[in-house]
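In numbering that gives the first Met the number 0, the protein residues as written are 0 to 382.
All residues carry an ideal CB built from backbone N, CA and C; glycine is no exception.
Report on the following structure.
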Amino acid sequence: MQYNPAKQIDPDRWLSIEEDERLYAIQCWISELTGSEIEDCVIEAVPILAVENQVAMADPPVTRATLERLLDGGIDRMTAIQVMGDVMAESLSAAVSQLQNHDLDAYARALEQIDPAEIALSDPDDKAPRNGAGGVPEFSDEHRQVLIDFGERHADDNALSWPETAGFLFAVQACPELVMPSEWTEIVQGETVFADLDEARAVSEARMALMNWISDCIQQEQPAIPADCAPGPEPLDILETDNNFSRWCRGVTIGHNWLERSWDEVLETDSDDDRSQGMALILFAFFTGRAMAERVVEEIAADSTSSAPTLEELANKYHALIEQAALEYAAIGLEYRQTPSAPPPRQPVRSEKIGRNQPCPCGSGKKYKKCCGRPGAGPPRAG
């Protein structure tokens, strides 16, 4: 199983899984977040496991009530679970040091004393991102700068730039099956090797904060496009310059191509969802750059029995649909992920990672590192 404290857990499913597997899933999450070895994350995982078990069972009732109170107070779920886990850890530590049973009354009082206002005012570097407008946890400027610096430092190592990372992780979060960080890290990372543990932790934490922000945007039906990656007001200007929105679109198409087989497992050809998703992908591909936009216009003209739109007409039309496309693409994936009758396949179904020296999938005949793998270049095909 996969664990993410930012996401609501189904109590029945959680309790139906062996406790050792639940613990291991939490260890994996901590390992992905901190860069520590999985085996070294047991001490941090046990209190979180205890809290999640109590929330799922509503036993003692104060644990679930505390989580609901913190959520109502504007604290995101990840931070709430971490704070409650700290209380549990202190309570268990006191019991061990005093060689006595766990004092449930003292534990309950400690939970009741957690003040969401104090959490919101605490140091944001020590906690998960604080809530922003509309209840969506803010992706901090510090997190963004970490990913900007990482992408710029390691561009020659085929690492994705900041906007490409944001677009790629949007595609990951919109996928109809859950995708673990251990699966997608290599795509975002390229051939980069972290300089030290501090860099690994900073980058991993920034990526997870971004993932949580994207997830909450999707859950709350908000377009998960970071502010500095939003499209400019002039559609044709987007096509003429290498800008953050074009790079974001490039990241989405790279992510979708990598996850395309996962979509094929659930989408029926020519269904309403298939057509809506296809239109969104065409729009994203269109805004990756002028060359791709012209290809889209040519393909529409070839398939059209009437007069085809000009590049400017299509740019204006698609520009007005950007937010709708992002919302629909994410909503389709979320719907299938939440459908009990459509479980994920037993083995991940990913497209193969594109090697730097392999032919670029866009059909140019060039090596990937000299074409779409090059910073500022066009994406692989969208469909």
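Residue i: first and last residue of the uninterrupted alpha helix (DSSP H) it sits in
i, result
"Arg188", "The question names Arg, but residue 188 in the sequence shown is Gln. Counting along the chain, the alpha helix (DSSP H) containing Gln188 begins and ends at 180-188."
"Met291", "289-302"
"Phe244", "243-265"
"Pro397", "Residue 397 lies beyond the stretch modelled for the chain, which goes from 0 to 382, so this question has no answer here."
"Ile113", "Neither: Ile113 is in no alpha helix (DSSP H) and is coded neither H nor E."
"Thr33", "18-33"
"Leu14", "10-15"
"Leu235", "234-239"
"Gln172", "161-172"
"Ala284", "271-285"
"Tyr317", "310-318"
"Glu404", "In the structure displayed, the chain extends from 0 to 382; residue 404 sits before or after that span and is not available."
"Gly150", "140-152"
"Glu51", "41-56"
Nearest-angstrom Cα separation, counted from residue j out to residue i
i, j, result
"Cys65", "Met56", "It is worth fixing the name first, because residue 65 is Thr in this sequence and not Cys. When rounded, the distance between both Cα atoms is 14 angstroms."
"Pro347", "Asp58", "Legend: pLDDT at Pro347 = 42, less than 50; position of this residue unreliable, no value from coordinates given."
"Arg336", "Ser261", "11 angstroms"
"Ser15", "Ile37", "23 angstroms"
"Ala154", "Ile147", "11 angstroms"
"Cys40", "Arg76", "20 angstroms"
"Ile253", "Tyr23", "31 angstroms"
"Thr78", "Ser306", "55 angstroms"
"Val171", "Ile217", "12 angstroms"
"Val45", "Tyr2", "14 angstroms"
"Ala324", "Pro4", "28 angstroms"
"Ala229", "Glu322", "10 angstroms"
"Ser395", "Leu69", "Because the chain spans 0 through 382 in this model, residue 395 falls outside it and cannot be assessed."
"Val178", "Ile47", "22 angstroms"
"Gln53", "Ile213", "28 angstroms"
"Asp9", "Glu67", "15 angstroms"
"Asn356", "Glu239", "Note that Asn356 scores a pLDDT of 47, beneath 50, so its modelled location is shaky and nothing firm can be said."
"Ser245", "Gln26", "37 angstroms"
"Phe385", "Leu209", "The structure shown has nothing for residue 385, since the chain only spans 0 to 382."
"Thr268", "Leu110", "51 angstroms"
"Met87", "Pro60", "15 angstroms"
"Glu312", "Pro225", "26 angstroms"
"Tyr106", "Ser90", "6 angstroms"
"Gly375", "Asp195", "Residue placement at Gly375 is flagged as unreliable, the pLDDT there being 39, under the threshold of 50; the coordinate-derived value follows with that caveat. Spanning the two alpha carbons is a distance of roughly 28 angstroms."
"Gln219", "Asp71", "15 angstroms"
"Arg108", "Asp272", "49 angstroms"
"Val394", "Ile29", "No statement about residue 394 is possible, as the shown extent of the chain runs from 0 to 382 and does not include it."
"Gly231", "Asn315", "12 angstroms"
Beta-carbon gap between residue i and residue j smaller than 9 angstroms
i, j, result
"Glu51", "Ile80", "yes"
"Glu163", "Gly150", "yes"
"Val145", "Leu168", "no"
"Asp227", "Arg143", "yes"
"Leu310", "Glu293", "yes"
"Thr184", "Asn157", "no"
"Leu320", "Pro222", "no"
"Glu264", "Glu204", "no"
"Asp241", "Gly288", "yes"
"Arg206", "Gly34", "no"
"Cys174", "Leu266", "no"
"Arg82", "Ile113", "According to the sequence displayed, residue 82 carries Val and not Arg. In this structure, Ile113 lies closer than 9 angstroms to Val82 by Cβ."
"Ala49", "Gly84", "yes"
Short CB-CB distance (under 9 angstroms) between residue i and chain B
i, result
"Ile281", "Going by chain labels, chain B is absent from the structure shown, which holds only one protein chain."
(request) State whether the stretch 230-240 contacts the stretch 100-116, with contact taken as three or more CB pairs (one from each stretch) at a distance under 8 angstroms. (result) No contact exists between the stretch 230-240 and the stretch 100-116.
(request) Specify whether the stretch 272-279 and the stretch 322-336 touch according to this definition: at least 3 beta carbon pairs, one from each stretch, less than 8 angstroms apart. (result) yes
(message) Could you check whether the stretch 164-174 touches the stretch 238-253, counting it as contact only if at least three pairs of C-beta atoms, one from each stretch, sit closer than 8 angstroms?
(response) yes
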